[in-house]
Amino acid sequence: MTDILKLIKDKDPGEKEFHQAVEEVLESVQPVLDRNPQYRKEAVLERIVEPERIIIFRVPWMDDQGQVQVNRGFRIQMNSTIGPYKGGLRFHPSVNLSILKFLAFEQVFKNALTTLAMGGGKGGSDFDPKGKSDNEVMRFCQSFMVELFRHIGPNTDVPAGDIGVGAREIGYLFGMYKKLHNEFTGVLTGKSLGWGGSLIRPEATGYGSVYFAAEMLATQNETLEGKTCLVSGSGNVSQYTVEKIIELGGKVVTLSDSSGYIYDEEGIDADKLTFVKRLKNIKRGRIREYIDKYSEAVYTEADTSLDHNPLWNHKADCAFPSATENEINEKDSMNLMKNGVKLVCEGANMPSVPEAINIFLDNKILYAPGKASNAGGVAVSGLEMAQNSMRLSWPAEEVDQRLKMIMKNIHQTCLDAATEYGKPGNYMAGANIAGFTKVVNAMLDQGLV
Ligand code: NDP
Numbered sequence: 016m017t018d019i020l021k022l023i024k025d026k027d028p029g030e031k032e033f034h035q036a037v038e039e040v041l042e043s044v045q046p047v048l049d050r051n052p053q054y055r056k057e058a059v060l061e062r063i064v065e066p067e068r069i070i071i072f073r074v075p076w077m078d079d080q081g082q083v084q085v086n087r088g089f090r091i092q093m094n095s096t097i098g099p100y101k102g103g104l105r106f107h108p109s110v111n112l113s114i115l116k117f118l119a120f121e122q123v124f125k126n127a128l129t130t131l132a133m134g135g136g137k138g139g140s141d142f143d144p145k146g147k148s149d150n151e152v153m154r155f156c157q158s159f160m161v162e163l164f165r166h167i168g169p170n171t172d173v174p175a176g177d178i179g180v181g182a183r184e185i186g187y188l189f190g191m192y193k194k195l196h197n198e199f200t201g202v203l204t205g206k207s208l209g210w211g212g213s214l215i216r217p218e219a220t221g222y223g224s225v226y227f228a229a230e231m232l233a234t235q236n237e238t239l240e241g242k243t244c245l246v247s248g249s250g251n252v253s254q255y256t257v258e259k260i261i262e263l264g265g266k267v268v269t270l271s272d273s274s275g276y277i278y279d280e281e282g283i284d285a286d287k288l289t290f291v292k293r294l295k296n297i298k299r300g301r302i303r304e305y306i307d308k309y310s311e312a313v314y315t316e317a318d319t320s321l322d323h324n325p326l327w328n329h330k331a332d333c334a335f336p337s338a339t340e341n342e343i344n345e346k347d348s349m350n351l352m353k354n355g356v357k358l359v360c361e362g363a364n365m366p367s368v369p370e371a372i373n374i375f376l377d378n379k380i381l382y383a384p385g386k387a388s389n390a391g392g393v394a395v396s397g398l399e400m401a402q403n404s405m406r407l408s409w410p411a412e413e414v415d416q417r418l419k420m421i422m423k424n425i426h427q428t429c430l431d432a433a434t435e436y437g438k439p440g441n442y443m444a445g446a447n448i449a450g451f452t453k454v455v456n457a458m459l460d461q462g463l464v
């Protein structure tokens, strides 16, 4: 294991997020490697950490002042062993190769856990949609697709949304793909309902995360009813996480964005959530505006000089980190434990640093790693691909039912794999072992390609 880590660190020394993601998986799958010596002989680790293909390209576009801007575009085609590459596009100034490689690597195992035929990929750009006009976003998306289109396709690589890429961006990207290819296919997921999107896709990641949390609680004969929950972020995943928690009788007291967070002790109810959706999805405003409308809440500005995020320092039963990677550090995890949190369910990808995860595991709380608990989004993307292939559209209840069943199965798969390898109740070990085993067995079946 250490030799593989050394290999990737020597090869790409700056990619700390990628190293972090690989290290977590390698630690979990050590017992699988011990039990299956042929995996090392076939160099499955060396193969699985190396992307099948990386595409990096220039994205020139013109802003509203007539000034030419240049961003960098990426697509990591990580692993296509069990299906076409599948994974989102992220538009955020922090995007770089390390972040996208970690996301693509996680995606491979996540997609395997869904049981649908999807390989893993991820892409995006360091373009920041914040503060840009719709026209600027459109011109950027069109330029991005003018290069990306030749590398993707409904049976090759099917991108979707992620941070900074929602229905608006998917629309502009799809429009340009269709024009360039002169064909209408399910090449992107997260499309709008009127032209190939699936019902429940916008809700899927957040709903799925809460379904997973409910499954974990059920193992202790508990439910979300009456539980106080901390949710971070205020984008797609956070909004539908809050919606489902409210529906299941829980109380959400926090939401955030990169500028700060709100704490609403009375709870964010359905009306307040509708306000947040309008604020974030239509007005594209900041979460601080919540207190202009609901003065009972308190807003705290983000302060990077602190050694912790005060959002995670409130009395609560459950935490749903749903903003971004490494948003819970060691101190935050200690604060969560001190405040009585008994369940951490990751809506975001890799939101907890390794030291924080160790604290969750040492305290034996219910801890769900993102690659299991946030797999509902890509699962419904898989269902969107199936509907597109059949030129059919399933009713919301049917998609939701399938989503619920998929989350229940992923939960059970994690528990079973963890138990089989002597780590009962450790969802992180279970998710890594089950995802890894499925992918490497398929790689071996397909020979050295
Ligand atoms: P959105 O762009 O809709 O929302 C992201 C939210 O997180 C915003 O509130 C944003 O605030 C905040 N945020 C982003 N970056 C940072 C940062 N560096 N520091 C603090 N806050 C930040 O994205 P999604 O809701 O789609 O994605 C959230 C997370 O869920 C990501 O980790 C993503 O990879 C993961 N995920 C998403 C899926 C999906 O279906 N959308 C599927 C599976 C995982 P601000 O507006 O200030 O940037």
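Mapped onto the numbering used here, the consecutive letters of the sequence shown carry residue numbers 16 to 464. Glycine included, every Cβ here is placed at the ideal spot set by N, Cα and C. Computed from a predicted model, the values in this text were never measured in an experiment.
- prompt: For the 8 Å Cβ check, are there 3 or more pairs between the region 168-181 and the region 130-140?
  reply: yes
- prompt: Which word fits A285, buried or exposed, when buried means at least 16 other C-beta atoms lie within 10 angstroms of its C-beta?
  reply: So A285 counts as exposed.
- prompt: Among residues of its own chain, excluding the 5 on either side of S388, which ones have a beta-carbon nearer than 6 Å to its beta-carbon?
  reply: S224, F227, C360 and E361
query: Considering only residues of the same chain and omitting the five flanking positions on each side of K419, which have a CB-CB separation below 7 Å?
result: Y226
query: Going by alpha carbons, who is nearest to V313 out of L326, D332 and S320?
result: L326
M458 beta carbon less than 8 Å from that of T96: yes
- prompt: For K405, is the classification buried or exposed, using 16 other Cβ atoms within 10 angstroms of its Cβ as the cut-off for buried?
  reply: With the sequence shown as reference, residue 405 is identified as Met, and Lys is not the correct amino acid for it. When all chains shown are included, M405 counts as exposed.
query: Are A411 and I215 close, meaning C-beta to C-beta below 8 Å?
result: In this structure, the beta-carbon distance from A411 to I215 falls below 8 Å.
- request: Would you decide whether V85 is buried or exposed? Buried here means 16 or more other CB atoms lie within 10 Å of its CB.
  value: Under a 10 Å Cβ-count criterion, V85 is classified as exposed, with fewer than 16 other Cβ atoms of the shown protein chains found around its own Cβ.
message: Using a Cβ distance threshold of 8 Å, determine whether the region 194-210 contacts the region 373-391, with at least three qualifying pairs required.
response: no
message: Below 8 Å on the Cβ atoms is my contact criterion, and I expect L245 with A317 to pass it. Report the Cβ-Cβ distance as a whole number of Å.
response: No, L245 and A317 are not in contact; Cβ-Cβ is about 16 Å, not under 8 Å.
8 Å Cβ shell around L115 - same chain, five flanking residues per side excluded: F89, I91, R105, K137, G138 and G139
query: Can you tell me the Cα-Cα spacing of L232 and Q427, whole angstroms?
result: 13 Å
- request: Please specify which runs of the beta strand (DSSP E), each continuous and at least 3 residues long, are wholly inside the region 115-193, giving them in chain order.
  value: 135-140 and 172-175
- prompt: Which one of L321, K357 and D49 has the shortest CA to CA distance from E342?
  reply: L321
Residues that P75 bridges to, as DSSP identifies them: V85
- request: With DSSP as the reference, label Q416 as helix, strand or coil.
  value: The answer is helix: DSSP assigns Q416 an H, G or I state.
message: Tell me which residues share the same chain as K295 and place their Cβ nearer than 6 Å to its Cβ, disregarding the 5 neighbours each side in the sequence.
response: S249
task: Report yes if the C-beta of S273 is less than 7 Å from at least one heavy atom of ligand 1; otherwise report no.
output: Yes; taking the cut-off as 7 Å, the Cβ of S273 has a heavy atom of ligand 1 nearer than that.
task: Look up A334 in the DSSP assignment and give the residues it is bridged to.
output: L245 and V359
- request: Measure the alpha-carbon distance for Q402 versus N251 and round it to whole angstroms.
  value: Computed Cα separation, rounded: 22 Å.
- request: Take every Cβ of the region 111-128, pair it with every Cβ of the region 146-164, and state whether three or more of those distances are shorter than 8 Å.
  value: no
message: Let's see if you can read the secondary structure: which residues bound the beta strand (DSSP E) around N106?
response: The residue you asked about is not Asn; residue 106 is Phe in the sequence shown. That run of the beta strand (DSSP E) goes Y100 to F106.
query: DSSP three-state call for T452: helix, strand or coil?
result: Three-state DSSP puts T452 in a helix.
task: Express the C-alpha separation of V268 and E280 in angstroms, rounding to a whole number.
output: Between E280 and V268, the C-alpha separation is close to 6 Å.
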